[in-house]
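Undergrad:
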Amino acid sequence: MTKSPLQHQTRIFSIANQKGGVGKTTTAVNLATAVSSLKKKVLLIDLDAQGNATISLGISRQGKNHNSYTVLTGQDSIQNAIVQTSIPYLSVLPSAKELLGLDIELAHIPKPQFFLKNALCAPELNIDYVFIDCPPAVGLTTVNALTASHAIIVPIQCEYLALEGVADLIKTIERVRKNFNSSLDLHGVLLTMFDNRSRLSSSVADDVRRFFGDKVYQSVIPRNVRIPEAPSHGKPVLLYDWKCAGSQAYIRLAAEFLKKEKESLKNEH
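Numbering-wise, the numbering used here comes out as the position in the sequence shown, counting from 1, plus 380.
1) Closer than 7 Å by C-beta to THR664: which residues in its own chain qualify, once you throw out the five before and the five after it? Chain order, please.
2) Could you please give the first and the last residue of the uninterrupted alpha helix (DSSP H) stretch that includes VAL605?
3) In chain order, what residues of the same chain lie with their CB nearer than 6 Å to the CB of VAL518, ignoring the 5 residues before and after it?
4) What are the residues that DSSP puts in a beta bridge with TYR509?
5) In whole angstroms, what is the alpha-carbon distance linking THR453 and LEU541?
6) Where do the ends of the beta strand (DSSP E) carrying VAL472 lie?
7) Can you look up MET381 in the DSSP assignment and give me helix, strand or coil?
8) Alpha carbon to alpha carbon, how far is GLN628 from TRP622?
9) According to the neighbour-count rule (16 or more other Cβ atoms, all chains shown, within 10 Å of its Cβ), is PRO515 buried or exposed?
10) Going along the chain, which residues of its own chain have a beta-carbon closer than 7 Å to the beta-carbon of LYS420, five neighbours each way excluded?
11) Verify whether the separation of the beta carbon atoms of ILE439 and THR465 is less than 8 Å.
12) Tell me whether ASP586 is buried or exposed, calling it buried when 16 or more other Cβ atoms sit within 10 Å of its Cβ.
13) Out of curiosity, what's the CA-to-CA distance linking ALA433 and VAL402?
14) Could you compute how far the alpha carbon of LYS383 sits from the alpha carbon of THR527?
15) Tell me the DSSP secondary structure of GLN398 in three-state form.
16) Only counting the same chain, and skipping five residues up and downstream in sequence, which positions put a Cβ closer than 6 Å to that of ASN561?
17) Where does the unbroken alpha helix (DSSP H) through LEU526 begin, and where does it stop?
18) Along the chain, where does the beta strand (DSSP E) that runs through GLN459 open and close?
19) Give me the Cβ distance between LEU618 and ASN410, rounded to the nearest whole Å; I'm assuming they're in contact under 8 Å.
20) What residue from LEU496, SER563 and GLY568 has the CA that sits closest to PHE591's CA?
21) Are the beta-carbon atoms of ILE467 and SER416 separated by less than 8 Å?
22) Report the rounded CA-to-CA distance for ASN647 versus HIS530, giving the unit in angstroms.
23) In terms of DSSP beta bridges, what is ASP483 paired with?
24) Considering only their Cβ atoms, is the gap separating ALA525 from LEU480 smaller than 8 Å?
25) What does the alpha-carbon distance come out to for the pair ILE392 and PHE511?
26) Name the two residues that bound the continuous beta strand (DSSP E) containing ILE489.
27) What residue range does the alpha helix (DSSP H) around PHE495 cover?
28) Using CA coordinates, which residue listed in ILE532, ASN559, SER563 and LYS639 is at the minimum distance from GLN598?
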């Protein structure tokens with residue numbers, strides 16, 4: 381019997397938090413870049429209508445007739461819509477502005493939660509890791525991502541009200557587990573925008589570690605001016621300035637992520 385590439389090779393991760401401005405896209409782009417630099421085949425799926433992940437990888441959304449919207453609405457195969465970036469081993473499924481109305485369109489179709497999962501089951505899809513940049517809302521688009529994923533990565537910024545909305549996200553994960561994807565796991569919680577000069581940042585980090593325990597990554601993403609500068613140049617911060625503190629933090633995160641993956645695989649066997 382032929383083994384399914386999705387079941388036995390590809391690992392799929394949603395990067396999600398219903399709160400905006402927490403570093404979801406930055407994390408999706410730079411974690412995907414760092415993992416691909418280790419010669420792993422990586423696909424980044426941009427499900428946010430703003431398309432910041434697409435733009436951050438130097439891909440224009442103008443004139444693109446093949447994108448995450450056409451895939452999710454069944455107009456396109458995922459293989460046809462994937463775009464190879466200038467970074468070896470890293471491809472992207474670009475965003476589209478039409479994603480804004482996707483929840484309404486999918487709501488009238490039977491089993492709309494499974495569209496992305498079904499698309500990713502394509503036997504020709506030869507990918508090691510898929511990272512999904514989710515929109516800052518819990519609608520059918522995000523539920524599609526969680527239904528298709530093995531695990532979720534949750535960025536939380538080290539600022540006031542950081543944990544606001546996280547309880548709702550946990551409830552959403554539990555609902556998806558119960559109804560659509562019983563094996564969905566919380567891979568880890570990532571502290572972002574950490575300022576080591578700020579007492580507030582340290583206090584928030586302590587609160588998050590108390591709340592989530594060992595699910596919080598040891599790697600912490602600092603507040604670093606090079607990180608928000610990079611997208612305007614169409615580059616991940618790892619390519620824009622690999623020596624800066626932000627880049628080094630994402631390199632450490634990728635190493636921690638892959639170590640955790642290796643341990644998880646070992647435990648399965």
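Using N, Cα and C, we set each Cβ at its ideal position, and we do this for glycine too. No experiment lies behind these values; they were computed from the predicted model shown.
TA: This is what the structure holds:
1) Only positions 381 to 649 of the chain appear in the structure, and residue 664 is not among them; the question remains open.
2) No alpha helix (DSSP H) contains VAL605, which DSSP labels as neither H nor E.
3) GLN398 and THR552
4) ARG391 and VAL422
5) 36 Å
6) 470–473
7) Low local confidence applies: a pLDDT of 37 at MET381 is under 50, so the model's placement there is unreliable, with the coordinate-based value given in what follows. MET381 falls in the coil class under three-state DSSP.
8) 7 Å
9) buried
10) TYR469, ASP508 and TYR509
11) yes
12) exposed
13) 14 Å
14) Because LYS383 carries a pLDDT of 42, less than 50, the predicted location of this residue cannot be relied on, and the following value inherits that uncertainty. Going from the Cα of LYS383 to the Cα of THR527 covers about 21 Å.
15) coil
16) THR527
17) 520–528
18) Run containing GLN459: none in the beta strand (DSSP E); it sits in the alpha helix (DSSP H), 458–461.
19) 6 Å
20) GLY568
21) yes
22) 15 Å
23) Answer is none; ASP483 lacks a bridge partner.
24) no
25) 6 Å
26) Segment: none, ILE489 is in no beta strand (DSSP E) and carries neither H nor E.
27) 495–500
28) LYS639
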